[in-house]
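Using our numbering, the first residue of the sequence shown is number -2, and each one after it goes up by one. Each remark here refers to the structure printed beneath this line.
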Amino acid sequence: MPQEWVDDELKGAEALAYRLDLDVYGTKCGYFSNVENCRPATACVVDMYIDDKANLPWNTNSRFESLYGRKSNPFFVAQKKKDGPTYGKRITKRGQQYKLGLDATTVVHGKNDKSRMGGYFILEYDRDIYKNIDYLSGSVTCRSFGKTRETKINIYDAVFRKNGSISAKSLNNLTHQVKIPNTFMQRIEAYDKAQYEPNSLFKALRERLSTTTKKTQ
């Protein structure tokens, strides 16, 4: 790693990486009412390497799970609770979308962590990728994430309602926080401008709106 990328302001993780992934969410079609208008759905991903002493509140005993290169079979809901992979067991138990690895995460930013901008949606984890290191790979809100400063990724010990959904009370159970240096966020913003924005759906929509006019009556 280049020395200029080392930043003592990073807290809660040994290393971070940011990238765009054009595969995990697949290709979507039907944009602008045209079934043949297809484009890869972009995932903006933050990879985190965390010391296992953090003792993260895992929701599984599995060492590794991933949505990268996924097939349909892991999402089949087993007819019997004892059957099928962990996806089916989790769906059967909670009656909600399976949360990979951790149940409650969110991105906060600004002074005093007052501003929230959605979750950190885990796409892959490895609880022993290196000795004493846990690995998390999760998607964040494209474009908006890179514009934030004083940014943190929070991990909570989830509190569940009777119906299995996650309660807002989980926000009182912060178990781990990754503080991202502003210098890294600046690099993410520059990366997004160069790599994400030129091919984004927002850009395509703006271009379409700028060339579309209503027919005169």
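All C-beta atoms in this analysis are idealised placements derived from N, C-alpha and C, irrespective of residue type, glycine included. None of these values were measured; they are calculated from a predicted model.
Contact check, residue i vs residue j, beta carbons under 8 Å
{"i": "R60", "j": "R124", "result": "yes"}
{"i": "D131", "j": "I185", "result": "no"}
{"i": "L13", "j": "L7", "result": "yes"}
{"i": "C139", "j": "T39", "result": "yes"}
{"i": "V42", "j": "S167", "result": "no"}
{"i": "Q192", "j": "L17", "result": "yes"}
{"i": "T180", "j": "D4", "result": "yes"}
Reference residue i, options the options, closest by Cα
{"i": "N109", "options": "W2, T148 and N196", "result": "T148"}
{"i": "T24", "options": "N34, L17 and C41", "result": "N34"}
{"i": "N129", "options": "D5, A10, W2 and Y153", "result": "A10"}
{"i": "D154", "options": "R146, N160, A165 and T145", "result": "A165"}
{"i": "K96", "options": "G107, S134, S112 and I126", "result": "S134"}
{"i": "N52", "options": "E194, H173, A191 and I177", "result": "H173"}
{"i": "D49", "options": "K111, Y122 and V3", "result": "Y122"}
{"i": "T145", "options": "P54, D4 and D189", "result": "D189"}
{"i": "Y22", "options": "S162, N31, S30 and R36", "result": "R36"}
{"i": "M45", "options": "N196, C26 and V175", "result": "V175"}
{"i": "N169", "options": "A187, I152 and G161", "result": "I152"}
{"i": "E194", "options": "S141, N160 and Y127", "result": "S141"}
{"i": "G66", "options": "E1, L120 and P54", "result": "L120"}
{"i": "G161", "options": "K111, L171, I126 and D100", "result": "D100"}
Beta bridge counterpart(s) of residue i as assigned by DSSP
{"i": "P37", "result": "T24"}
{"i": "M45", "result": "L13 and L133"}
{"i": "F142", "result": "According to DSSP, which records beta bridges pairwise, F142 is partnered with nothing at all."}
{"i": "F181", "result": "Paired residue(s): none; F181 is not in a bridge."}
{"i": "E62", "result": "Y122"}
{"i": "D18", "result": "A40"}
{"i": "A101", "result": "Y153"}
{"i": "Y127", "result": "I130"}
{"i": "V175", "result": "I150"}
{"i": "K8", "result": "K176"}
{"i": "R113", "result": "V105"}
Nearest-angstrom beta carbon gap, residue j and residue i [assumed within contact, 8 Å]
{"i": "V255", "j": "Y117", "result": "Beyond the ends of the chain as shown, which are -2 and 214, falls residue 255; an answer cannot be given."}
{"i": "M114", "j": "G143", "result": "Rounded, the Cβ-Cβ distance is 11 Å, inconsistent with contact."}
{"i": "T102", "j": "I150", "result": "7 Å"}
{"i": "E62", "j": "G98", "result": "7 Å"}
Short CB-CB distance (under 8 Å) between residue i and chain D
{"i": "P178", "result": "Protein chain content of the structure displayed is limited to a single chain, and chain D is not contained in it."}
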